[in-house]
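Here's the structure we're looking at; comments come further down.
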Amino acid sequence: MKPIRLLIISCLLILLFLTLTAQGAGDGEIPKGFHEDFSGPTLDPAWTVLSHLTPPTNTYSLTENPGYLRYKIRGSRIWDCWPRYALRPDGYKPCLVIFRPFRGKHWVLATKVTYDFSELNNGRQIFLHIVLKYDLENTGPYECGKITTINIGRDNDLDYWHRNNFGADVIEEGQYLGLYRQLMPWPGIDTWYVRIVRQDRLISVMLSRDGEIWFEAFPTVELSSDPGDLQTLTLEGGCSNAWNTCADYDYINVDPIVIPASLDFEPDTINLKSKGKWVTSYIEFPEGYDVEDIDIASLKINGVIPAEDSPVAVGDHDFDGVPDLMVKFSRSALKDVLSPGEAVEIVITGTAAGVDFEGRDTIRVF
Ligand SMILES: [Ca+2]
Ligand SMILES: [Ca+2]
Ligand SMILES: [Ca+2]
C-alpha cells in the first residue's frame, strides 16, 4: 500500500514543479494564505486546473452542489487520464489536478470534505496534498523518493481489501513520519473535517467526523530538514471507471499563524505640531512566545514606518511580570501617516523567530 501511494504522490509532484516552472510563478505573487468557501460559480483564477477533459469543467463543478467544489474523477480506464502526465514508470496519470501555491512556514489549514464512494466501482482515489518540497535535482524522472508532503485522501480498490481507506500522512523525502489509516464502510459516503498546522518543521494533523470531536491523526511530527516556505496545495485523483465518485470540498482555508501581541504605544496623545523626536512602543507576547526573538528590522507601524535600530531593550515597562520589548520610531515619520482623531488605531507588525505578530493600540491625535 505504502509504495503505491508514494508513487502516486511522488510523480504528481514532478508535474507540479514543471508546471509551476513553466508558468514562471513569481514569488511576489504567491500569498501567505487564502480562504475558499467555493460560494461562487467559477473557480478563483489563483487555482490552476489540469484535466484530461475539455473543457476541464467537466471534471469539477461549483454548481452541482452549490457552495462546494465538487471534484469528480472521470477516467475511462485506470491510469490513463491526463495525457501529458507520463513521467511515472507505472503510468499513473491523475484525471484532474487542481492546485495553488502558498507561502509561509507557520499556518493552519482547515477543510471539510465529503467523499462519495457510493458506487460499486473499482480503483478510485481522491487526494489533497500539501507539497512542501520536491527535490527535482536529486531525483530522476523514474525515482519517486525525494518528496516531502502532507496528504489527506480517500481510496478504494476492490482488488485490495485494505485499500478502502480514509488516510492522512506526512512524508519527508519518501519516508513516512506520520501515518493514519481508517478502513471505511463500503460503499459509502463520508465526511471529514481536517485541520493541519505547520509550525516551521513541526506538523500536526487533527481530524474530526462532525467538526466537534477532534483527534490527532498521529502525534506531531518534526521534519528533519527545512523544506522552505513555499508549498502547493493540490487536489488530485484517479480512477478506472467511476463516473459517480466525487469529493465535495466545502471550504479550504489557509491562515498564517499570527502571534496576538499586546502593544502599548506612547505617548497616548500626539500633537502633530509638536517637535519631539521619538515615539515609543512596548510589545508583549502571550505565553509560548519570546519578545527576545523579535526581528527589529521587521517591525513596522501601520505597515510603513520602520523601527529605529536603537535604543532597543527588553524590560517590564508595565510591571505585570511579562517581559516587553521597548522600541522607538521616528515621530516625524509617524506624523506623515496619522490624521487627527479621538481614537486613531496604531498597528504594529513584525516577525519573531519567523512567526508573524501583530499588536494594536489606540491613541488621540490632534
Ligand atoms: Ca462552502
Ligand atoms: Ca498607550
Ligand atoms: Ca510587561
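The sequence shown begins at 482 in the working numbering and counts up one residue at a time. Virtual Cβ for every residue (Gly too), placed ideally from N, Cα, C.
*Do ASP790 and ligand 3 come close, with the Cβ less than 7 Å from some heavy atom?*
In the sequence shown, residue 790 corresponds to position 309, counting from 1. Flag unset: Cβ of ASP790 not near ligand 3.
*Pairwise C-alpha distance: ILE733 and ARG726*: One-based indexing of the sequence shown puts residue 726 at position 245. One-based indexing of the sequence shown puts residue 733 at position 252. A quick correction: the sequence has Thr, not Arg, at residue 726. THR726 and ILE733: Cα-Cα distance of roughly 20 Å.
*Output yes or no for whether 8 Å exceeds the beta carbon distance between ILE631 and ILE684.*
Mapped onto the sequence shown, residue 631 falls at position 150. Mapped onto the sequence shown, residue 684 falls at position 203. In this structure, ILE631 lies near ILE684, with their beta-carbon atoms less than 8 Å apart.
_Using 8 Å as the threshold, is the C-beta distance between THR715 and PHE580 below it?_
Your numbering for residue 715 matches position 234 in the sequence shown. Your numbering for residue 580 matches position 99 in the sequence shown. When the beta-carbon positions are compared, THR715 and PHE580 come within less than 8 Å of each other.
*Relative to the C-alpha of LYS816, which residue among ASP650, ILE670, LYS756 and PHE583 is closest?*
Against the sequence shown, residue 816 aligns to sequence position 335. When each option's Cα is compared against that of LYS816, the closest is LYS756.
*Below 8 Å on the Cβ atoms is my guess for GLY634 versus GLN680; work out the distance and round it to an integer in Å.*
To locate residue 634, count along the sequence shown from 1; it is residue 153. To locate residue 680, count along the sequence shown from 1; it is residue 199. Actually they are not in contact, since the Cβ atoms of GLY634 and GLN680 sit about 23 Å apart, beyond 8 Å.
*asked:* Considering only their Cβ atoms, is the gap separating PRO582 from ILE677 smaller than 8 Å?
replied: Locating residue 677 in the sequence shown gives position 196, where the first residue counts as 1. Locating residue 582 in the sequence shown gives position 101, where the first residue counts as 1. In this structure, ILE677 sits away from PRO582, with a CB-CB distance that is not shorter than 8 Å.
*Hey, PRO821 and LEU744 are a contact pair by Cβ (cut 8 Å); roughly how many whole angstroms apart?*
Locating residue 821 in the sequence shown gives position 340, where the first residue counts as 1. Locating residue 744 in the sequence shown gives position 263, where the first residue counts as 1. In fact, because the Cβ distance is near 21 Å, the residues do not count as touching under 8 Å.
*Count the C-beta pairs between the region 651-665 and the region 687-699 that are closer than 8 Å, then say yes if the count reaches three, no if not.*
Yes: the two stretches touch, three or more of their Cβ pairs being nearer than 8 Å.
*Pocket of ligand 1 (residues with CB nearer than 7 Å to any heavy atom), chain order*: After applying the 7 Å Cβ criterion, the set is ASP518, PHE519, SER520, GLY548, TYR549, ASP731 and TYR732.
_N-terminal and C-terminal residue of the beta strand (DSSP E) that LEU806 is part of_ = As a first step, residue 806 must be located in the sequence shown, where it is residue number 325. Boundaries of the beta strand (DSSP E) around LEU806: 805-811.
*Indicate the three-state DSSP secondary structure (helix, strand or coil) for ALA649 in the structure shown.*
On the sequence shown, position 168 is the one that residue 649 refers to. Secondary structure at ALA649: strand, using DSSP grouped into helix, strand and coil.
*Same chain, Cβ closer than 6 Å to LEU704, neighbours up to 5 away in sequence not counted*: For the purposes of this step, residue 704 is taken as the residue at position 223 of the sequence shown. Excluding residues within five positions, the ones whose Cβ falls inside 6 Å are GLU653 and ARG682.
*Out of VAL836, GLY585, GLY604 and SER779, state which residue places its alpha-carbon closest to the alpha-carbon of VAL735.*
Working through the sequence shown from its first residue, we reach residue 735 at position 254. Nearest option by C-alpha distance: GLY585.
*Neighbourhood of ligand 2 [Cβ distance below 6 Å to any heavy atom], ordered by chain position*: For ligand 2, the selected residues are ASP745, PHE746, GLU747, ASP749 and ASP842.
*Thinking C-alpha only, which one of VAL530, ASN539 and ASN546 is nearest PHE519?*
Here the question's residue 519 lines up with position 38 in the sequence shown. Distance from the Cα of PHE519 is smallest, within the candidate group VAL530, ASN539 and ASN546, for ASN546.
*If you count every other CB in all the chains shown that lies within 10 Å of the CB of ALA649, and 16 or more means buried, which is it?*
By 1-based counting over the sequence shown, the position of residue 649 is 168. The residue is buried, with at least 16 neighbouring Cβ atoms inside 10 Å.
*Can you have a look at THR592 and say buried or exposed, based on whether 16 or more other CB atoms are within 10 angstroms of its CB?*
Looking up residue 592 in the sequence shown gives position 111. Buried.
*Output yes or no for whether 8 Å exceeds the beta carbon distance between GLY514 and TRP588.*
As a first step, residue 514 is located in the sequence shown; it is residue number 33 there, counting from the start. As a first step, residue 588 is located in the sequence shown; it is residue number 107 there, counting from the start. Annotated as proximal: GLY514 and TRP588, with beta-carbon spacing under 8 Å.
*Could you give the uninterrupted runs of the beta strand (DSSP E) lying entirely in the region 662-742, keeping only those of 3 residues or more?*
Secondary structure in the region 662-742: the beta strand (DSSP E) runs of 3 residues or longer, each lying completely within the stretch, are 669-680, 683-689, 695-697, 711-720, 727-737 and 739-741 in chain order.
*With DSSP as the reference, please indicate the residues paired to HIS516 in a beta bridge.*
Here the question's residue 516 lines up with position 35 in the sequence shown. BP columns for HIS516 point to ASN734.
*asked:* Under 8 Å, with one C-beta from each stretch per pair, do the region 829-836 and the region 764-773 reach the 3-pair mark?
replied: The region 829-836, when compared against the region 764-773, does touch it at the 8 Å Cβ threshold.
*Taking C-beta to C-beta, are ILE694 and PHE746 nearer than 8 Å?*
Residue numbering aside, residue 694 sits at position 213 when the sequence shown is read from its first letter. Residue numbering aside, residue 746 sits at position 265 when the sequence shown is read from its first letter. Cβ atoms of ILE694 and PHE746: not closer than 8 Å.
*Closest Cα partner of ASN539 within the set TYR552, ALA527, GLY548 and TRP528*: Here the question's residue 539 lines up with position 58 in the sequence shown. In this structure, TYR552 is the residue among TYR552, ALA527, GLY548 and TRP528 with its C-alpha nearest to the C-alpha of ASN539.
_Residues bridged to TRP850 [DSSP beta-bridge criterion]_ = Because the chain is modelled from 482 through 847, residue 850 falls outside the range shown and cannot be assessed.
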